[in-house]
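Those sequence lines, one after another, are chains R and H.
Residue 1 is where the first sequence starts when you use UniProt numbering, and the numbers rise one by one after that.
Residue 1 is where the second sequence starts when you use UniProt numbering, and the numbers rise one by one after that.
Think of the CB as a built atom: it goes at the ideal place given N, C-alpha and C, for glycine as much as any other residue.
The structure presented is a predicted model; accordingly, all values stated were derived computationally and were not measured.
Report on the following structure.
Number of protein chains: 2
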Amino acid sequence: MGVTRRGASVRTPRSTPRPAPSFRVLTGDCVAEMAKLPAASVDLVFADPPYNLQLQGDLKRPDDSRVDAVDDAWDKFESFSAYDDFTRAWLLAARRVMKPSATLWVIGSYHNIFRVGTILQDLGFWILNDVIWRKSNPMPNFRGRRFTNAHETMIWAAREPNAKNYTFNYEALKAGNEDVQVRSDWTLALCTGEERLKDGNGKKLHPTQKPEALLARVILSSSRPDDLVLDPFCGTGTTGAVAKKLGRRFVGVERDSVYATAARDRIDSVLPLPAASVAPFQTAREAPRVPFAALIERGMVSPGTTLTDAKRRVTALVRADGAVSLGDTVGSIHRIGALAQGLDACNGWTFWHVETATGLAPIDTLRAAFRAEQMQAAE
Amino acid sequence: MGVTRRGASVRTPRSTPRPAPSFRVLTGDCVAEMAKLPAASVDLVFADPPYNLQLQGDLKRPDDSRVDAVDDAWDKFESFSAYDDFTRAWLLAARRVMKPSATLWVIGSYHNIFRVGTILQDLGFWILNDVIWRKSNPMPNFRGRRFTNAHETMIWAAREPNAKNYTFNYEALKAGNEDVQVRSDWTLALCTGEERLKDGNGKKLHPTQKPEALLARVILSSSRPDDLVLDPFCGTGTTGAVAKKLGRRFVGVERDSVYATAARDRIDSVLPLPAASVAPFQTAREAPRVPFAALIERGMVSPGTTLTDAKRRVTALVRADGAVSLGDTVGSIHRIGALAQGLDACNGWTFWHVETATGLAPIDTLRAAFRAEQMQAAE
DNA sequence: ATTCTCAATGAATCTGTCG
DNA sequence: CCGACAGATTCATTGAGAA
Chain R
1 MGVTRRGASV RTPRSTPRPA PSFRVLTGDC VAEMAKLPAA SVDLVFADPP YNLQLQGDLK
61 RPDDSRVDAV DDAWDKFESF SAYDDFTRAW LLAARRVMKP SATLWVIGSY HNIFRVGTIL
121 QDLGFWILND VIWRKSNPMP NFRGRRFTNA HETMIWAARE PNAKNYTFNY EALKAGNEDV
181 QVRSDWTLAL CTGEERLKDG NGKKLHPTQK PEALLARVIL SSSRPDDLVL DPFCGTGTTG
241 AVAKKLGRRF VGVERDSVYA TAARDRIDSV LPLPAASVAP FQTAREAPRV PFAALIERGM
301 VSPGTTLTDA KRRVTALVRA DGAVSLGDTV GSIHRIGALA QGLDACNGWT FWHVETATGL
361 APIDTLRAAF RAEQMQAAE
Chain H
1 MGVTRRGASV RTPRSTPRPA PSFRVLTGDC VAEMAKLPAA SVDLVFADPP YNLQLQGDLK
61 RPDDSRVDAV DDAWDKFESF SAYDDFTRAW LLAARRVMKP SATLWVIGSY HNIFRVGTIL
121 QDLGFWILND VIWRKSNPMP NFRGRRFTNA HETMIWAARE PNAKNYTFNY EALKAGNEDV
181 QVRSDWTLAL CTGEERLKDG NGKKLHPTQK PEALLARVIL SSSRPDDLVL DPFCGTGTTG
241 AVAKKLGRRF VGVERDSVYA TAARDRIDSV LPLPAASVAP FQTAREAPRV PFAALIERGM
301 VSPGTTLTDA KRRVTALVRA DGAVSLGDTV GSIHRIGALA QGLDACNGWT FWHVETATGL
361 APIDTLRAAF RAEQMQAAE
């Protein structure tokens with residue numbers, strides 16, 4: 001399968017004298033710009049709209065440094081209703097340019113994704129999956145008042161119900177995933193380091209640049225070579241760069257001319273890859289870390305169990321939440337193990353033991369059994 | 001802290017002659033039954049509402065490919081609209097019985113969760129997290145036309161914005177998780193095997209029974225012992241069984257009397273865990289405040305003592321009134337610590353140190369000793 | 001060259017209490 | 001309701017610069 005060349009891949013000639021170039025970034029409002037595109041001309045839409053984060057004050061890290069938040073004007077909306085109107089408008093514009101067989105992806109967080117999903121359904125899109133981007137290195141919750149917000153949600157939808165001819169490269173994905181079906185949760189790292197575009201001062205050029213690996217999975221799973229990919233919120237052109245790399249065509253829209261220019265430069269410099277060379281769906285290795293709480297959830301240790309050291313000199317009590325208590329003090333198996341010995345640190349997995357039929361056994365043996373189970377389940 | 005006994009734990013006596021039992025399953029419509037409960041009486045709501053209203057009754061039209069597009073859209077609107085009305089009704093009823101500090105969890109899939117989330121926001125709930133239940137053993141996708149649907153989504157929300165006193169047992173969760181804060185994605189197995197309730201024929205009794213481990217995380221993370229947990233769609237009583245096990249109280253509502261009966265039997269047979277394994281413990285946040293002046297009054301620090309940071313780069317002088325001075329500036333240990341570092345804020349307890357026989361020690365160790373004394377004195 | 005330490009940072013609706 | 005302030009709070013990764 002050859003790489004798309006300029007002009008060669010245009011399938012539906014229209015009245016314009018010259019065929020559209022294969023890679024375009026339009027500067028302007030996405031609804032207005034999409035309205036100028038021919039109807040039913042796009043094979044795949046990927047959209048990363050504003051999330052409407054509704055942030056208020058500053059957030060400081062424990063070291064008192066300030067978190068560089070998304071405080072741009074484009075992410076501010078007067079109300080949920082205003083956000084809904086905005087969402088309805090761009091989704092309708094996108095729908096018009098989608099071929100009947102096209103599908104659409106939208107990424108968001110809990111701030112906006114529920115509204116996007118509801119409107120998708122109300123407009124008659126047909127949700128095929130919601131897919132979780134599970135971040136391997138999310139920003140922590142600095143104040144300890146919520147769970148670490150460690151994922152974002154993507155919705156994958158067909159233009160209408162009963163769409164039966166949409167592209168889903170099931171066999172190829174499965175073959176590239178150790179012959180296991182690809183799941184609806186994808187573990188991927190944030191876009192950092194070299195990949196992250198910087199401005200002249202070494203600061204991030206765009207506040208929400210997505211990792212290319214994420215886009216590669218989207219494009220590889222739900223489009224074919226030479227397909228036309230549309231990104232209405234093109235930003236610094238991640239979608240376009242990956243589309244070109246993977247032999248697809250691309251049209252993006254970006255309101256901010258600085259971002260649009262950066263996107264054009266970036267896409268220009270991309271060299272398409274041989275199509276067969278990318279296999280991004282290798283199974284994510286599970287984090288080696290096993291929380292002690294998981295053994296309790298699994299029923300391997302009961303709350304109320306007494307832990308003791310190898311010489312039965314100290315004991316601690318297993319709590320339902322996976323912490324352990326020694327007298328009035330509650331903490332992790334590691335902290336309490338350290339406390340029991342008067343040390344700064346301790347490996348609770350090897351220090352603490354439980355009574356078994358065959359005598360005292362370190363809880364590390366339970367962890368090993370748990371891991372073995374997990375490995376089996378993954379097969 | 002004893003295990004909750006029938007009636008003994010009711011905290012707000014009301015006009016009814018007998019206190020409500022600690023574990024109840026009401027048979028009936030959840031909106032009607034919640035309306036009978038006292039307002040602001042519930043600490044935690046967990047709801048697993050029906051997902052597929054559009055597949056019920058006369059709206060069910062599988063594989064009807066010849067439907068006119070307009071009619072089709074109208075059907076969906078009607079169907080979604082009915083689901084929205086239903087959702088709004090039960091959420092409002094739940095909201096009334098929630099204490100101001102209460103939080104609510106809803107679990108769903110892409111069929112319904114976007115509508116639930118939108119309505120939650122529209123009703124003024126405040127989303128704290130969306131949490132992904134990542135299934136370690138999901139059912140495969142048999143047709144190979146989509147990604148394996150390997151997760152469900154939960155929304156965790158406070159009753160209103162700026163709710164600052166909701167329960168989140170951050171420290172305990174972290175201690176049970178290898179001393180790392182718990183993320184918004186939870187990997188847990190489906191409810192199968194022994195745990196899955198069966199009917200007389202060995203068939204599963206309920207189509208969507210949730211694993212107890214999932215409910216255990218929900219209840220352990222966002223409630224305290226003796227709290228009242230409400231489940232408006234009680235089913236076969238998983239929430240109630242786990243609540244009882246963990247020393248919480250419970251009220252559930254279930255429309256189907258077969259399920260309700262099964263739930264009652266199930267909850268009756270649960271034995272609560274030993275109180276010590278679920279007992280709350282004092283976190284750093286909840287520890288009693290100690291004014292720095294109290295250490296001086298107690299003789300633990302003398303006026304005139306020199307304080308310094310861990311690297312002995314700056315020094316401050318302890319005053320008799322409990323303030324400290326740095327050059328001409330006088331202020332609290334925190335203010336002066338911030339000043340010394342050129343920061344906006346500082347925890348003076350950990351920043352400032354005193355010389356001891358064994359070297360430099362943070363004044364926080366003095367505070368800990370003071371608190372220990374106070375504890376002893378209180379006994 | 002190699003290893004170690006320290007600093008920086010990422011779509012974040014991130015405190016509680018008292019006056 | 002607002003302001004002041006005590007004081008509690010972070011994980012994975014990259015990269016620079018020191019040892």
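Between the alpha carbons of residue i and residue j, how many angstroms are there, rounded?
| i | j | result |
| --- | --- | --- |
| L295 of chain R | T103 of chain H | 27 Å |
| L197 of chain H | C191 of chain H | 9 Å |
| C30 of chain R | P140 of chain R | 33 Å |
| V354 of chain R | L339 of chain R | 18 Å |
| L360 of chain H | D328 of chain H | 25 Å |
| L26 of chain H | L205 of chain H | 19 Å |
| S332 of chain H | G57 of chain R | 25 Å |
| D75 of chain H | D344 of chain H | Bear in mind that a pLDDT of 44 at D75 of chain H, under 50, signals an unreliable position, so the model cannot answer this. |
| L366 of chain H | M300 of chain H | 7 Å |
| R159 of chain R | P100 of chain R | 6 Å |
| V131 of chain R | L228 of chain H | 34 Å |
| L271 of chain R | A40 of chain R | 28 Å |
Check whether the Cβ atoms of residue i and residue j sit closer than 8 Å, and answer yes or no.
| i | j | result |
| --- | --- | --- |
| W90 of chain H | P49 of chain H | yes |
| G247 of chain R | A263 of chain R | no |
| residue 450 of chain H | H334 of chain H | This structure gives no information on residue 450 of chain H, because the portion of chain H shown stretches from 1 to 379. |
| I113 of chain R | Q121 of chain R | no |
| E212 of chain R | G235 of chain R | no |
| R134 of chain R | H111 of chain R | no |
| R143 of chain R | F168 of chain H | no |
| M34 of chain H | A94 of chain H | yes |
| A310 of chain H | L326 of chain H | no |
For residue i and chain R, any beta-carbon pair shorter than 8 Å?
| i | result |
| --- | --- |
| L26 of chain H | no |
| L273 of chain H | yes |
| D268 of chain H | no |
| T103 of chain H | no |
| E178 of chain H | yes |
| R183 of chain H | yes |
| A378 of chain H | no |
| D344 of chain H | yes |
| V278 of chain H | yes |
| Y110 of chain H | yes |
| L91 of chain H | no |
| L188 of chain H | yes |
| L44 of chain H | no |
| F370 of chain H | no |
DSSP state of residue i, grouped into three classes?
| i | result |
| --- | --- |
| M375 of chain H | helix |
| T286 of chain H | It should be pointed out that residue 286 of chain H corresponds to Glu in this sequence rather than to Thr. DSSP places E286 of chain H in coil when its eight states are reduced to three. |
| A275 of chain H | helix |
| M300 of chain R | coil |
| A368 of chain R | helix |
| S101 of chain H | strand |
| F77 of chain H | For F77 of chain H, the predicted model reports a pLDDT of 44, less than 50, meaning its position is unreliable; a value from the coordinates is still stated below. Reduced to three states, the DSSP call for F77 of chain H is helix. |
| W186 of chain R | strand |
| A294 of chain R | helix |
| F250 of chain H | strand |
| D71 of chain H | The predicted model places D71 of chain H with a pLDDT of 44, which falls under 50 and marks its position as unreliable; any figure quoted below should be read in that light. Three-state result, D71 of chain H: helix. |
| K198 of chain R | strand |
Taking 7 Å as the line, does the beta carbon of residue i fall inside it for any heavy atom of the ligand FMN?
| i | result |
| --- | --- |
| A102 of chain H | For the structure depicted, the ligand FMN is absent and the ligand set is empty, with no information on it obtainable. |
Determine whether the Cβ of residue i lies closer than 8 Å to any Cβ atom of chain H.
| i | result |
| --- | --- |
| Q374 of chain R | yes |
| T238 of chain R | no |
| G337 of chain R | no |
| L317 of chain R | yes |
| F115 of chain R | Note that residue 115 of chain R corresponds to Arg in the displayed sequence, not to Phe. Cβ-Cβ to chain H under 8 Å: yes for R115 of chain R. |
(message) Can you pull out the residues from the region 208-235 of chain H whose beta carbon lies closer than 7 Å to at least one beta carbon of chain R?
(response) Here the close residues are A213, A216 and L220.
(request) Mind checking the region 121-153 of chain R against chain H and listing, in chain order, the residues whose C-beta falls within less than 8 Å of any C-beta there? (result) Q121, D122, G124, I127, L128, N129, D130, V131, I132, R134, P138, P140, N141, G144, R145, R146, F147, T148, N149, A150, H151 and T153
(request) Check distances from the C-beta atoms of the region 154-177 of chain H to those of chain R and list, in chain order, the residues that come in under 9 Å. (result) Taking 9 Å as the Cβ-Cβ cut-off against chain R, the residues of the region 154-177 of chain H that qualify are I155, W156, K164, Y166, F168, N169, Y170, E171, A172, L173, K174, A175, G176 and N177.
(request) Residues of the region 293-326 of chain R with a CB closer than 9 Å to any CB of chain H: list them in chain order, please. (result) A293, A294, I296, E297, R298, G299, S302, P303, G304, T305, L317, V318, R319, A320, D321, G322, A323, V324 and S325
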